[in-house]
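Peer 1: Under this note's numbering, think of the first position of the sequence shown as 15, with each following residue one higher.
Just so you know, even glycine gets a beta-carbon here, dropped at the ideal spot from N, CA and C.
These numbers come from a predicted model, not from an experiment.
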Amino acid sequence: MKFSEQWLRGWVNPQVSRDELVARLSMAGLEVDSVTPAAGQFSGIVVGEILSTEQHPDADKLRVCQVSNGAETFQVVCGAPNARPGIKIPFAMIGAELPGDFKIKKAKLRGVESFGMLCSAAELQISEENDGLLELAADAPVGEDIRQYLNLDDASIEIGLTPNRGDCLSLAGLARDVSALYDVPVTRPVVPAVPAAHDEVRPVEVSAPAACPRYLGRVIRNVDLSKPTPLWMVERLRRSDVRSIDAAVDITNYVMLELGQPMHAFDLAEINGGIRVRMAEEGEKIVLLDGQEVALRADTLVIADHTRALAIAGVMGGEHSGVNTAKTRDLFLESAFFEPISVAGKARSYGLHTDASHRYERGVDSQLAREAMERATALVLEIVGGEAGPIVESVSQQHLPNIAPITLRDERITQMLGMQMESAQVEQLLNALELKTSANGAGQWTVTVPSHRFDISLEVDLIEELARLYGYNNLPVRYPQARLAPQARPETRGELPNLRRLLVARGYQEAITYSFIDPKLFELFSPGVDPLLLANPISSDMAAMRASLWPGLVKALQHNLNRQQDRVRLFESGLRFVGQLGDLKQQPMIAGVVTGSRQPEGWANGRDGIDFFDVKADVEALLGYSGALSDFSFVAGKHPALHPGQTARIERDGKEVGYLGAIHPELAKTLGLERPVFVFELVLGDVVEGRLPKFSELSKFPETRRDLALIAGRDVAASSVLEVIRDNAGEWLTDLRLFDVYQGKGIDPDRKSLAVGLTWQHPSRTLNDDEVNETLQTILTSLEQRLNTTLRK
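Spelled out as structure tokens, the structure:
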């Protein structure tokens, strides 16, 4: 919304400076985007009249003009194409200063003396029009200072309104707010009812009352549109960024800016029969005022006569609806209320945006149409003459908006604003906005909302109005008070940030991927599982919720490999989604993907590639973070996305908590991965749940170590061997290590050799050989009985 400051001060004039007014409007929620002077800084320019012109003797495009300033006549050389006798123009006499510190001096142009300069609107920075001299009204007083005559000591203020404040898309709405902010009265223009001078009417038929609850029309005969729009109206329109066209259009635009009611003036001769407000027929054609032909949809409200559509309701008129200054003698004025939802988005759908659609989409006062009709009628009769007929109105009361009274509570005001507001102040602020208050006693009011404040429907809306008018910057600062007792944190539970730091220390980088993935990728990693599909996905390749973090990590790995990153280690923590709606399980996970060399490139480092056991070491570091590594076990497993010979199922006390392994060769081929890629994924809750360590006094007695070389079956897991040893080694076993595995020459092909080291230490004495040998014998007996594992000879 752009408006003239002087026009606003004609309605309401607080005794504050422009800067203060602008700052207060912004603080009240009517954010000022720009303040532009009505003209540039200049002086010494008066209203001049061209008395005569003659061709310059040495220049085809120059004319020698005789210009009067009301007291003297001056010779001025001018190149403007519209310089002609009889017009009045801005005349910069010698000594005048134009914008940009340009001073007018006596000059010679192609040998002819020039005593001044005739100015265009652009040269005075009034507008950007620079195609000729600025022509003034025929009755402009010659010799009067142009700043005073055009009232140029003014500014255009542009406000960026939020969509809910459609009431402020007018001078009347802005004046209400300024009046309330400064507690000064509003001086509204007097709008008397114009009596009918004849009986001619055009019948109005509304077949879509839900979309158009109120429609008013009036015939005005014998207008003279050759009469110019008054200068004061042209200037107010220009400073509101509205171009003057002709008197009829200018008047409807003026009323829209002044009161907020969009209007339209039809050429009565173009209306066949009466007015019909109806929904368009599918595919019905209309040529708009801008020359564009559009095919209407059935959900579009139109203003029509008995033969054709004349206008898109609330958007733009058709070519047969506009007035013609040469031919139009009679007008049909329209003023209507269109329900906002029925017109919302219609202009945009046809590639249009108009001042009318901008207002109707945000809401127009449903009770304003008659006042606007009377105001426009009075201006038409004043400016272009004519005789007005009676107003024809069609109204559907049941479809008009009805805002119920709102109960406002003093305690709620205090709670929301953090301060106690006096009852008298509450009533004064709300009444200033024409919100009628009625005290109910016990700190409550019943507030009746006027029709122009269609954005207010709740108690909090009223409290927001109080805060705006009181001043957001005047509200007290209150800090929340609470008893913040420290919360106990279980010592046995780890923290995710620490796990992140641990992986970063081991050479990983954290990745963050989308929770929704391509359904095809979902099928590759979780074949046979029904994905949870999104009802409205961003794109087709982001339509399924992930059941594993691996698909996103592998895509991130591919992205890095495609950009010549040969060594990639990524991890991610996030949710996976298992099941369907109604039985959906959202489970926090931590996962990783690894490929490339074991160590970073460097002169001291080898070039060996990463293998299963390198990644297993990283996983064990995660599992051991909480001090419960011994609770976990790695069991040979199967997973459709992993290599059948390099897959470990990770268990905790017999419960599956994750997987570790190499990407299946077939899957790797499908994904275009030409190198070994290893992945792991763990249930985060089981990883962070640990065990509280206990202190054991250090023994001062020597350790006793025995090494065993064992022959076990090829399929016997080393972990099973270690488990049997641990079960039979007694309570003084302090360390058990597998330090060699051998298969080859000298060993049965179906067997393998395992070398383990056992260390005992007693807390209070030295263990003797007999005790150790007895324990070893028990271990060997159990190994032979349970796993067919014997001592190597």
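Assign Glu-634 to one of three DSSP states: helix, strand, or coil.
Peer 2: Helix, per DSSP.
Peer 1: Could you tell me the distance, in whole angstroms, from the CA atom of Ser-128 to the CA atom of Pro-276?
Peer 2: For Ser-128 and Pro-276, the distance between alpha carbons rounds to 49 angstroms.
Peer 1: Identify whether Trp-617 lies in helix, strand or coil by the three-state DSSP scheme.
Peer 2: Trp-617: coil per DSSP, three-state reduction.
Peer 1: For Asp-168, name the three-state secondary structure that DSSP assigns.
Peer 2: If DSSP states are grouped into helix, strand and coil, Asp-168 belongs with coil.
Peer 1: Identify the continuous alpha helix (DSSP H) that holds Lys-569 and give its terminal residues.
Peer 2: Here the alpha helix (DSSP H) through Lys-569 covers 564 to 575.
Peer 1: Can you tell me whether DSSP reads Arg-292 as helix, strand or coil?
Peer 2: In this structure, Arg-292 counts as strand in the three-state DSSP scheme.
Peer 1: Under a Cβ-count criterion, where at least 16 other Cβ atoms within 10 Å of its own Cβ denotes burial, should Gly-43 be classed as buried or exposed?
Peer 2: Flag for Gly-43 reads buried.
Peer 1: Whole angstroms is fine: what's the gap from Pro-217's alpha carbon to Ala-358's?
Peer 2: Between Pro-217 and Ala-358, the C-alpha separation is close to 27 angstroms.
Peer 1: Answer yes or no: do Arg-583 and Leu-563 have a C-beta to C-beta separation smaller than 8 angstroms?
Peer 2: No.
Peer 1: Are there three or more Cβ pairs, one per stretch, closer than 8 angstroms when the segment 118 to 128 is compared with the segment 192 to 202?
Peer 2: The segment 118 to 128 is not in contact with the segment 192 to 202.
Peer 1: Between Thr-391 and the rest of its own chain, which residues show a CB-CB distance below 7 angstroms, the 5 nearest in sequence each way excluded?
Peer 2: If we look at Thr-391 and ignore the five residues flanking it on each side, its Cβ neighbours are Val-208, Arg-232, Ile-234, Leu-347, Ala-402.
Peer 1: Just grab the DSSP bridge partners of Ile-417 for me.
Peer 2: In DSSP, Ile-417 forms no bridge with anything.
Peer 1: Would you tell me roughly how many angstroms separate the C-alpha atoms of Asn-454 and His-466, rounded to the nearest one?
Peer 2: So the two alpha carbons sit approximately 24 angstroms from each other.
Peer 1: In this structure, how does DSSP classify His-372 when only helix, strand and coil are distinguished?
Peer 2: Here His-372 sits in helix by DSSP.
Peer 1: For Tyr-639, tell me which candidate among Ile-140, Ile-624, Val-701, Ala-682 has the shortest Cα-Cα distance.
Peer 2: It is Val-701 whose Cα lies nearest to the Cα of Tyr-639.
Peer 1: Since Arg-124 sits in a beta bridge, which residues does DSSP pair it with?
Peer 2: Answer is none; Arg-124 lacks a bridge partner.
Peer 1: Would you please state the rounded distance, in angstroms, between the beta carbons of Leu-315 and Met-293? I believe it to be under 8 angstroms.
Peer 2: That pair is a contact at about 6 angstroms.
Peer 1: Just list the residues that DSSP pairs Tyr-522 with in beta bridges.
Peer 2: Paired residue(s): none; Tyr-522 is not in a bridge.
Peer 1: Give me the Cα-Cα distance between Arg-577 and Thr-609, rounded to the nearest whole angstrom.
Peer 2: Using only the alpha carbons, I get a separation of about 14 angstroms.
Peer 1: Residues in the same chain with beta-carbon distance under 8 angstroms from Pro-487, minus the five sequence neighbours each way, listed in chain order, please.
Peer 2: According to the sequence as given, residue 487 is Asn; it is not Pro. Answer for Asn-487: Met-41, listed in chain order.
Peer 1: May I ask you to report which of helix, strand or coil DSSP gives Ser-553?
Peer 2: Note: Ser-553 maps to coil in three-state DSSP.
Peer 1: With distance defined between alpha-carbon atoms, name the residue in Pro-679, Phe-585, Ala-561, Arg-560 nearest to Arg-514.
Peer 2: Nearest C-alpha to Arg-514: Phe-585.
Peer 1: Taking the CB atoms as reference points, tell me whether Arg-343 and Asp-319 lie closer together than 8 angstroms.
Peer 2: Their beta carbons are not under 8 angstroms apart, which means Arg-343 does not touch Asp-319 by this criterion.
Peer 1: Considering Ile-664, what are the terminal residues of the beta strand (DSSP E) in which it resides?
Peer 2: Run containing Ile-664: 656 to 666, per the beta strand (DSSP E) assignment.
Peer 1: DSSP state of Lys-807, grouped into three classes?
Peer 2: Lys-807: coil per DSSP, three-state reduction.
Peer 1: Might you give, ordered along the chain, the residues of its own chain that have their beta carbon closer than 8 angstroms to the beta carbon of Ile-108, omitting 5 neighbours on each side?
Peer 2: Here the set comprises Ile-118, Lys-119, Lys-120, Phe-129, Gly-130.
Peer 1: Where do the ends of the alpha helix (DSSP H) carrying Trp-246 lie?
Peer 2: It spans 245 to 253 - the alpha helix (DSSP H) in which Trp-246 sits, taken as one unbroken run.
Peer 1: Compare the Cα-Cα distances from Gln-80 to each of Pro-71, Leu-132, Val-46, Asn-27 and report the closest residue.
Peer 2: Measuring from the Cα of Gln-80, the nearest candidate turns out to be Leu-132.
Peer 1: Please classify Tyr-493: is it buried, with 16 or more other beta-carbons within 10 angstroms of its beta-carbon, or exposed?
Peer 2: Exposed.
Peer 1: Can you give me the C-alpha to C-alpha distance between Leu-382 and Cys-182, rounded to a whole angstrom?
Peer 2: Leu-382 and Cys-182: Cα-Cα distance of roughly 14 angstroms.
Peer 1: If you measure between the beta carbons of Gly-274 and Ala-186, is that distance less than 8 angstroms?
Peer 2: The answer is yes: Cβ separation under 8 angstroms.
Peer 1: Would you call the CB atoms of Ala-136 and Gly-58 closer than 8 angstroms?
Peer 2: No, they are not a contact pair.
Peer 1: Could you tell me which uninterrupted alpha helix (DSSP H) segments, each at least 4 residues in length, are contained entirely in the segment 460 to 508, listed from first to last along the chain?
Peer 2: Complete alpha helix (DSSP H) runs here, min 4: 473 to 484.
Peer 1: CB Glu-219 to CB Gly-288, shorter than 8 angstroms?
Peer 2: Cβ atoms of Glu-219 and Gly-288: closer than 8 angstroms.
Peer 1: Between which two residues does the beta strand (DSSP E) carrying Glu-200 extend?
Peer 2: The residue you asked about is not Glu; residue 200 is Val in the sequence shown. Counting along the chain, Val-200 falls outside any beta strand (DSSP E), and DSSP gives it neither H nor E.
Peer 1: In the DSSP assignment, find the alpha helix (DSSP H) that holds Tyr-163 and state where it starts and stops.
Peer 2: Residues 160 to 163.
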